[in-house]
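Colleague: Structure in structure tokens, see below.
In this note's numbering, the protein residues as written are 14 to 143.
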């Protein structure tokens, strides 16, 4: 995968993750909510929404409300799980929470499933200890 393709996939994952997080906070998610949450312009979000819809990751109702499809939700949940586990682990190691969140956001896209599962087996017991 080229660098540009990788960055494009990373961006899609970030959008899906944001839609998931917003859907847990709000009764309905709209493009403006995504734009505000990600601090992106409305035109940028419009392009991403069109792309996500075209790939079958979201649906957009006539009233503009965005919903994750089963496929989109699975991707979003996987990304969110990686993010929260990595962020919490870094915080556990003593990293400032803001830096931990930023670093986790970078790491969540690049780690292979094999490496993530191995790390998860080691990290979860550490995080569950008082």
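Positions of the beta carbon are idealized from the N, C-alpha and C atoms, including for glycine.
Answer with buried or exposed for residue 16, where buried requires no fewer than 16 other C-beta atoms within 10 angstroms of its C-beta.
Modeller: Confidence is the limiting factor: at residue 16 the pLDDT is only 42, short of 50, which leaves the residue's position unreliable and the question unanswerable from this model.
Colleague: Is it buried or exposed, residue 123, if we count other Cβ atoms within 10 angstroms and call 16 or more buried?
Modeller: It is exposed - the Cβ of residue 123 has fewer than 16 other Cβ atoms within 10 Å.
Colleague: At what residues does the beta strand (DSSP E) containing residue 81 begin and finish?
Modeller: It spans 79–81 - the beta strand (DSSP E) in which residue 81 sits, taken as one unbroken run.
Colleague: Look at the Cβ atom of residue 78, then the Cβ atom of residue 51, and state whether they are nearer than 9 angstroms.
Modeller: no
Colleague: Are the CB atoms of residue 140 and residue 109 within a distance shorter than 9 angstroms?
Modeller: Result no, Cβ atoms of residue 109 and residue 140 do not sit closer than 9 angstroms.
Colleague: Which ranges does the beta strand (DSSP E) cover as unbroken runs of at least 3 residues, wholly within the region 28–92, from first to last along the chain?
Modeller: 71–73, 79–81
Colleague: Inspect the CB distances between the region 32–50 and the region 68–78 and report whether three or more fall short of 8 angstroms.
Modeller: yes
Colleague: For residue 106, does the count of other Cβ atoms within 10 angstroms reach 16, so buried, or fall short, so exposed?
Modeller: exposed
Colleague: For a test of the three-state rule: what should DSSP assign to residue 123, helix, strand or coil?
Modeller: helix
Colleague: Buried or exposed for residue 67, going by 16 or more other Cβ atoms inside 10 Å?
Modeller: exposed
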